[in-house]
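See below for the structure under consideration.
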Amino acid sequence: MHSDTGCGNRPARRPPNGPTGRRPRHGPVHQGDRHAVQAVGSTGRACAPKGEDPPKGYVRYPEGKVPKTVDDTWERYWNTHVIDENGTVRKAGEGE
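If you count by our numbering, then the sequence shown holds residues 1422 to 1517, one letter each, in order.
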């Protein structure tokens, strides 16, 4: 698993990469043999091997709301929303 260090071509979320300090606006969120998972109670994410349950402290994205590429609708959405320990989706608070 790769925790918040990027999956596939997705760069680390913090700190921003590159000379401009901005993330590239292209490429897959995760590699083909992995799937993206969301950290519980945080906007953090990771990649887990396909066919395996998410590691402790992570959950799968809700069906139909999985980010596929950097800067797609769902990738932007999950930058501002979290899934809590009960599976409830809510807006992220400051510092989450």
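Ideal Cβ placement from N, Cα and C applies to all residues, glycine included.
Opening and closing residue of the beta strand (DSSP E) in which Y1479 lies: As a first step, residue 1479 must be located in the sequence shown, where it is residue number 58. Y1479 -> beta strand (DSSP E) spans Y1479 to R1481.
Out of R1455, V1491, P1470 and P1475, point me to the one whose CA is closest to V1461's CA. The residue given as residue 1461 occupies position 40 in the sequence shown. Restricting attention to R1455, V1491, P1470 and P1475, the CA atom closest to the CA of V1461 is found in P1475.
Among T1494, H1451, V1487 and E1506, which has the Cα closest to the Cα of Y1479? Residue 1479 sits at position 58 when you count from the first residue of the sequence shown. Nearest C-alpha to Y1479: E1506.
Would you tell me roughly how many angstroms separate the C-alpha atoms of T1464 and G1472, rounded to the nearest one? The residue given as residue 1464 occupies position 43 in the sequence shown. The residue given as residue 1472 occupies position 51 in the sequence shown. Roughly 23 Å between the two C-alpha positions.
For T1494, the three-state DSSP class (helix, strand or coil): The sequence position of residue 1494 within the sequence shown is 73, counting from 1. In the structure shown, T1494 sits in a helix (DSSP, three-state: H, G or I).
Straight-line Cα distance separating G1485 from G1442: To locate residue 1442, count along the sequence shown from 1; it is residue 21. To locate residue 1485, count along the sequence shown from 1; it is residue 64. Caution applies to G1442, whose pLDDT of 48 falls short of 50 and renders its modelled position unreliable; the model cannot decide the point.
Along the beta strand (DSSP E) that carries H1502, what are the first and last residues, could you check? On the sequence shown, position 81 is the one that residue 1502 refers to. Its beta strand (DSSP E) spans residues H1502 to I1504.
How would you write the range of the beta strand (DSSP E) that P1470 sits in, first residue to last? Position 49 of the sequence shown, counted from the first residue, corresponds to residue 1470. Unbroken beta strand (DSSP E) run through P1470: R1466 to P1470.
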